[in-house]
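Chemist: Dropping a structure here in structure tokens format, bear with me for questions.
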């Protein structure tokens, strides 16, 4: 191999090592020159046919070394320039500029109302209990003094799981009370908030899915007077110190005696008139003294302990609290409706 050929390869190697592109555009020119489809190294491979056979191997190795040097140089320079560009971008950030506002969501009025109810009862010693929404028949019905042939089951049109007569979507959060009583001895003072399901006609006053807060207090000497005073305290904390309530005799299989509690709204507005069917009174909860059979079903001595229970629909409370005239609005995901509650916590 001639000295001239060696010299040409050495010159190209030195040129590659001396290249120092100052930016990404210059680096691209480097790539085109040494590694592009028409690069200046490619013709050197064509010269191999003019090299004596004994020198072909050495020549090929030298040309490959030149190409590898160009490739390594390109990768090294690319990494350096990209890092420099990132550093420059960081330095260009104006840290004193105000940030771009992010659209924030808001709590749903159901969640707001539920949290408000929870705080009211927590102030008088109730603690929150939570459990599953898919429940078995025993905890949802039988434990609550509602056996399979009991006519009270007709009061609740239940959603059963497909191909199952044992598993269902809970119709009330009383099932949480049953589970707590099965594993806890009195005194028990809990509230059980959560979503429940019933196959009911959807209207301005009712829905097939809704939310409840149920309460349970079991101890020695608990009376109906304790229940009434607890509910009066709740109504005045929820609706104002002048709130009026009334208790009407009713029937529930898991309480005896049982009552329904109404709160007075009046008929001054069209919404109140519609919600109360013109009476001025809106039913907001059912309540009563826990039936001794329920205590016994859950392993609590009914000769020693008594208790009261109550359950209320949260949607009804929210309708009154926020002056909303239609329960269906809670489930339609209308952003315009939800934005009205952005200032609530």
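Numbering (this note's numbering), first residue to last: 1253 to 1597. Ideal placement from N, C-alpha and C gives every residue a C-beta, glycine not left out.
(1) Determine the direct distance from the alpha carbon of residue 1552 to that of residue 1472, and round the result to whole angstroms.
(2) With DSSP run on the structure shown, which of helix, strand or coil describes residue 1391?
(3) Which value, in whole angstroms, describes the spacing of the CA atoms of residue 1477 and residue 1355?
(4) Check residue 1554 in the structure and name its three-state DSSP category.
(5) Across which residues does DSSP place residue 1461 in a beta bridge pair?
(6) Does the distance from the C-beta atom of residue 1214 to that of residue 1377 stay below 8 angstroms?
(7) Look up residue 1253 in the DSSP assignment and say whether it is helix, strand or coil.
(8) Quick one: give me the first and last residue of the alpha helix (DSSP H) that residue 1587 is part of.
(9) Any idea if residue 1331 is buried or exposed, counting beta-carbon neighbours within 10 angstroms, 16 or more meaning buried?
(10) When the Cα atoms are used, what is the spatial distance from residue 1373 to residue 1350?
(11) Suppose the cutoff is 8 angstroms on Cβ atoms and the five residues either side in sequence are ignored; what does the same chain contact list for residue 1394 look like?
(12) Starting from residue 1504 and walking both ways along the alpha helix (DSSP H), at which residues does that stretch end?
(13) Which term fits residue 1444, buried or exposed, when burial requires 16 or more other beta carbons within 10 angstroms of its beta carbon?
(14) Roughly how many whole angstroms lie between the Cα atoms of residue 1357 and residue 1518?
(15) What distance in whole Å lies between the Cβ atoms of residue 1467 and residue 1382, which are believed to be in contact at a cut-off of 8 angstroms?
(16) Who pairs with residue 1420 in a beta bridge, going by DSSP?
(17) Cutting at 6 angstroms between CB atoms, please list the residues of its own chain near residue 1525, excluding the five before and the five after it.
(18) In this structure, does DSSP put residue 1379 in helix, strand or coil?
(19) Alpha carbon to alpha carbon, how far is residue 1359 from residue 1367? Give it in angstroms, no decimals.
(20) Count the C-beta pairs between the segment 1537-1544 and the segment 1506-1516 that are closer than 8 angstroms, then say yes if the count reaches three, no if not.
(21) Quick one: what does DSSP say residue 1454 is sitting in, helix, strand or coil?
(22) Looking only at its own chain, which residues have a Cβ that is under 7 angstroms from the Cβ of residue 1462, when we skip the five neighbours before and after it?
(23) Could you pull the start and end residues of the beta strand (DSSP E) that residue 1509 belongs to?
(24) Give me the Cα-Cα distance between residue 1527 and residue 1492, rounded to the nearest whole angstrom.
(25) Out of curiosity, what's the CA-to-CA distance linking residue 1398 and residue 1392?
(26) For residue 1559, which of helix, strand or coil comes out of DSSP?
(27) Using C-beta distances below 6 angstroms, list every residue in its chain close to residue 1412, excluding the 5 sequence neighbours before and after it, in chain order.
(28) How is residue 1471 classed by DSSP in three states: helix, strand or coil?
Modeler: The short version:
(1) The residue given as residue 1472 occupies position 220 in the chain shown. The residue given as residue 1552 occupies position 300 in the chain shown. Straight-line Cα distance between these residues: approximately 11 angstroms.
(2) Here residue 1391 refers to the residue found at position 139 when the chain shown is read from its first residue. It is helical.
(3) For the purposes of this step, residue 1477 is taken as the residue at position 225 of the chain shown. For the purposes of this step, residue 1355 is taken as the residue at position 103 of the chain shown. Answer to the nearest angstrom: the Cα atoms are 49 angstroms apart.
(4) Counted from its first residue, the chain shown places residue 1554 at position 302. In this structure, residue 1554 counts as coil in the three-state DSSP scheme.
(5) Within the chain shown, residue 1461 is the residue found at index 209, counting from 1. Residue pairing of residue 1461 in beta bridges, as defined by DSSP: 1449.
(6) There is no way to answer for residue 1214, as the model of the chain reaches only from 1253 to 1597.
(7) Here residue 1253 is taken as the residue at index 1 of the chain shown, counted from 1. Here the model assigns residue 1253 a pLDDT of 49, short of 50, so the residue's position is not dependable, and the following value carries that caveat. It is coil, neither helix nor strand.
(8) Numbered from 1 along the chain shown, position 335 holds the residue referred to as residue 1587. Its alpha helix (DSSP H) spans residues 1587-1590.
(9) Taking the chain shown and counting its residues from 1, one reaches residue 1331 at position 79. Classification for residue 1331: exposed.
(10) In the chain shown, the residue the question calls residue 1373 occupies position 121. In the chain shown, the residue the question calls residue 1350 occupies position 98. Approximately 43 angstroms, taken between the alpha carbons.
(11) Position 142 of the chain shown, counting from 1, holds the residue named residue 1394. For residue 1394, where only same-chain residues beyond five positions count, the Cβ hits under 8 angstroms are 1400 and 1549.
(12) For this step, residue 1504 is matched to residue 252 along the chain shown. Careful: residue 1504 lies outside any alpha helix (DSSP H), inside the beta strand (DSSP E) at 1497-1504.
(13) Looking up residue 1444 in the chain shown gives position 192. Its Cβ being crowded by 16 or more others within 10 Å, residue 1444 is buried.
(14) Reading the chain shown from its first residue, position 105 is the one you call residue 1357. Reading the chain shown from its first residue, position 266 is the one you call residue 1518. Answer to the nearest angstrom: the Cα atoms are 34 angstroms apart.
(15) For the purposes of this step, residue 1382 is taken as the residue at position 130 of the chain shown. For the purposes of this step, residue 1467 is taken as the residue at position 215 of the chain shown. Their Cβ separation, rounded to whole angstroms, is 14 angstroms, which puts residue 1382 and residue 1467 out of contact at 8 angstroms.
(16) Stepping through the chain shown from its first residue, residue 1420 is reached at position 168. Partner(s): 1387 and 1412.
(17) Residue numbering aside, residue 1525 sits at position 273 when the chain shown is read from its first letter. Taken in chain order, the residues that qualify are 1519.
(18) Taking the first residue of the chain shown as position 1, residue 1379 is located at position 127. Three-state DSSP puts residue 1379 in a strand.
(19) Position 115 of the chain shown, counting from 1, holds the residue named residue 1367. Position 107 of the chain shown, counting from 1, holds the residue named residue 1359. Cα to Cα, residue 1367 sits roughly 10 angstroms from residue 1359.
(20) yes
(21) As a working note, residue 1454 is residue 202 in the chain shown. Note: residue 1454 maps to coil in three-state DSSP.
(22) Looking up residue 1462 in the chain shown gives position 210. Here the set comprises 1448, 1565 and 1567.
(23) Your numbering for residue 1509 matches position 257 in the chain shown. Where residue 1509 is concerned, the enclosing beta strand (DSSP E) stretches over 1507-1516.
(24) What you label residue 1527 is simply residue 275 of the chain shown in a count that begins at 1. What you label residue 1492 is simply residue 240 of the chain shown in a count that begins at 1. One C-alpha to the other measures close to 19 angstroms.
(25) Taking the first residue of the chain shown as position 1, residue 1398 is located at position 146. Taking the first residue of the chain shown as position 1, residue 1392 is located at position 140. In this structure, the CA atom of residue 1398 is about 9 angstroms from the CA atom of residue 1392.
(26) Taking the chain shown and counting its residues from 1, one reaches residue 1559 at position 307. Here residue 1559 sits in strand by DSSP.
(27) Reading the chain shown from its first residue, position 160 is the one you call residue 1412. Closer than 6 angstroms at the Cβ level, and outside the excluded window around residue 1412, lie 1420.
(28) For the purposes of this step, residue 1471 is taken as residue 219 along the chain shown, with counting starting at 1. Residue 1471 falls in the strand class under three-state DSSP.
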